[in-house]
Structures are given as structure tokens and as C-alpha cells.
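Quick note, in my numbering, the sequence shown goes up one by one and the last residue is 900.
Positions of the beta carbon are idealized from the N, C-alpha and C atoms, including for glycine.
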Amino acid sequence: MDTHVEPEQTRHDAIASGPPIRQLFRDVIADRLPGRRPPQAAMLFDAEIDPSWDDRSFLGDFYNEILHQDTCQPATVDGLVLPAALAVDDRIPARHRFQAIDLLFRAATVAERHLAETWPATPQHADPNSEAQARSAVQAYTPDLLPRWSTECPAVRLALAGLSVVFPTNRTLTALTWRQTFTHQHPQDTDVGDYVRFVLVLAAQDDNQILTVTEKLTDAYWTATVRGVPIRARALHLLGQMLTKVGSGLSRPRAGQ
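Written as C-alpha cells, this is what we have:
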């Protein structure tokens, strides 16, 4: 799988606009959301910037403003329009499109993932109404993301695959057209190989198989959840861990990706 990219050219005119990625995000959001923008967009358009920001710290602050410490709040649903817009714009480098889709995945699965972590207790910072609104928003954005499948690089396809099984249909398994290529290229017991195979299990929507594979994988590699947790919550908790690890292994994409 080709997920490597050459470093982006350093921008020396960033003093006035903040880090280069902030400038790029601002340009894309200005073009795609010319009207009313959510409050989180202020981080892109305010004249004052944090002097400690570089690309890494800015991205951390920006995504945390949308999904605060991996929890949904009343404003989360409005902010999700930002990663949805970034994820469909080819000016955004591949690794950042991956991160935008990953954020959408996390917003849509907060309730299940946190339930899996705290069962049988209720997640401490749960906001069921905000979580439901965030999930519905991501579901509404997903049809604009999935048609990009055929033109996306392998790394972004991995993120799209994870998002697709959050909202599975009877066509999901058929739509994952890379499955034979990826399973041949990436054997079991590799990060990408296990992730792809687990996505395919989830896409088949067989609860017995999902339970079997979830327990097999968590026993071997991943943070386990107690067996009383509903299977969907256990599976999405595991998938979130796997997507994080796959994402952390991606190198900077090549120019144009």
C-alpha cells in the first residue's frame, strides 16, 4: 500500500496567517462554506493566532475544538461540517483528509466506544442528545464522502472503509472493492491486514462472526472490553483502536495526494 508522501514545501510567509495548514484549511472552508460558518471556524479566520502554534499543535487544537476530548457537546454537531468539507477537497493533503474522516468516525461512534470502556457504568461525560445529533450529522455527510472511493489513495480508503461500516447497508460489503487486493497485499497479524479483515467482517453484518472476531483480536492485540458489552459497542471500540494505529503509521503523503 502506497501511503508515503514527500514533505510539503515549507512556507516562509506563514507569519501573517499562522501555520501553513491553517492557511490551507481557511482557504478551503472559505470556498466551500461561503455563508454562515460554525463557531469552531473562528480558529481559521480570527486575525490573532496562538504564537505557539505549529502545524501539529494547531491541528490538535482545531480538532479538539470540534470534538472536545473525544466527547460530544451541543456545539459538536455544528462543527462537523468543517471536517466534512475538508475531507472532500483535493487541495487537502491525503493524511489530513484521513484525519478529517477519522474525526467524523469518532464523532459518530462516541456513544458506543465510551460505553464499551465504562460498562456497566454510564460514561461520565455522556451527552446522549449531542451524541445522537453528531451521529445523524455524520450519517448525512457520508454519502458525499463515499463516492470519492475510486479516486482516493489507499490510506484514505482505509478511513472511508471504517466510516462505511458505521452506517452499513446491504451493499456495503460489495462496495468495498479493494478487499481482494488489500487482503493479498497485507496478511493477517499486520496492522493494515487485520484492520481490513475486521472491516469486512463488520460489513457482512453477521453478529456471531463479529463477536468471534472481536474476541479473537482483542485477546491477541488490543485493549479488551468486558463480555457483557453490546457487540456493536465492542466492535466499534476495537475498530477505533485499529484506525488510530493505522493512522499513526501513515507517513506524510506525496505531493498531490
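Burial state of Arg814 (16 or more Cβ within 10 Å)
What you label residue 814 is simply residue 171 of the sequence shown in a count that begins at 1. Arg814 comes out exposed.
Alpha carbon to alpha carbon, how far is Arg675 from Gln848?
Counted from its first residue, the sequence shown places residue 675 at position 32. Counted from its first residue, the sequence shown places residue 848 at position 205. Cα to Cα, Arg675 sits roughly 35 angstroms from Gln848.
Pick from Asp745, Glu858, Gln666, His739: whose alpha carbon is nearest that of Ile874?
If you number the sequence shown from 1, residue 874 lands on position 231. Nearest C-alpha to Ile874: Glu858.
Do you know how far the Cα of Gln828 is from the Cα of Met644?
Stepping through the sequence shown from its first residue, residue 644 is reached at position 1. Stepping through the sequence shown from its first residue, residue 828 is reached at position 185. Per-residue confidence for Met644 stands at a pLDDT of 37, beneath the threshold of 50, marking its modelled position as unreliable; no derived number is given.
Where the alpha helix (DSSP H) containing Gly678 begins and where it ends
Here residue 678 refers to the residue found at position 35 of the sequence shown. Counting along the chain, Gly678 falls outside any alpha helix (DSSP H), and DSSP gives it neither H nor E.
Nearest CA to the CA of His757: which residue from Gly890, Leu879, Ala780, Val889?
Position 114 of the sequence shown, counting from 1, holds the residue named residue 757. Of Gly890, Leu879, Ala780, Val889, the smallest CA-CA separation from His757 is found for Leu879.
Examine the Cβ distances between the segment 712 to 722 and the segment 767 to 779 and report whether three or more of them are shorter than 8 angstroms.
They touch, by the three-pair rule.
How many Å lie between Ala743 and Leu819 at the Cα?
Counted from its first residue, the sequence shown places residue 743 at position 100. Counted from its first residue, the sequence shown places residue 819 at position 176. C-alpha separation (whole angstroms): 20 angstroms.
Just how far apart, CA to CA, sit Arg654 and Pro663?
The residue given as residue 654 occupies position 11 in the sequence shown. The residue given as residue 663 occupies position 20 in the sequence shown. A caution first: Arg654 carries a pLDDT of 32, below 50, which makes its placement in the model unreliable, though a value can still be read off. So the alpha carbons of these two residues sit roughly 6 angstroms apart.
What residue does the alpha helix (DSSP H) around Met732 start on, and which one ends it?
Here residue 732 refers to the residue found at position 89 of the sequence shown. Note on identity: in this sequence residue 732 is Asp, with Met being the wrong assignment. Premise fails: Asp732 is in no alpha helix (DSSP H) and is neither H nor E.
Could you tell me how far apart the beta carbons of Val671 and Arg734 are, in whole angstroms, since I believe they sit closer than 8 angstroms?
Taking the first residue of the sequence shown as position 1, residue 671 is located at position 28. Taking the first residue of the sequence shown as position 1, residue 734 is located at position 91. Confirmed, about 6 angstroms.
Identify whether Pro790 lies in helix, strand or coil by the three-state DSSP scheme.
Against the sequence shown, residue 790 aligns to sequence position 147. In the three-state DSSP reduction, Pro790 falls in the helix class (H, G or I).
What ranges does the beta strand (DSSP E) occupy inside the segment 825 to 851, keeping only unbroken runs of at least 3 residues that lie completely in it?
Within the segment 825 to 851, no run of beta strand (DSSP E) at least 3 residues long lies entirely inside it.
Can you say whether Gly722 is buried or exposed, counting buried as having 16 or more other CB atoms within 10 angstroms of its CB?
Taking the first residue of the sequence shown as 1, we reach residue 722 at position 79. Answer is buried; the Cβ neighbour count reaches 16.
Could you check which residue in Phe748, Trp696, Thr866, Asp837 has the C-alpha nearest to that of Ala783?
Locating residue 783 in the sequence shown gives position 140, counting from the first residue. Measuring from the Cα of Ala783, the nearest candidate turns out to be Phe748.
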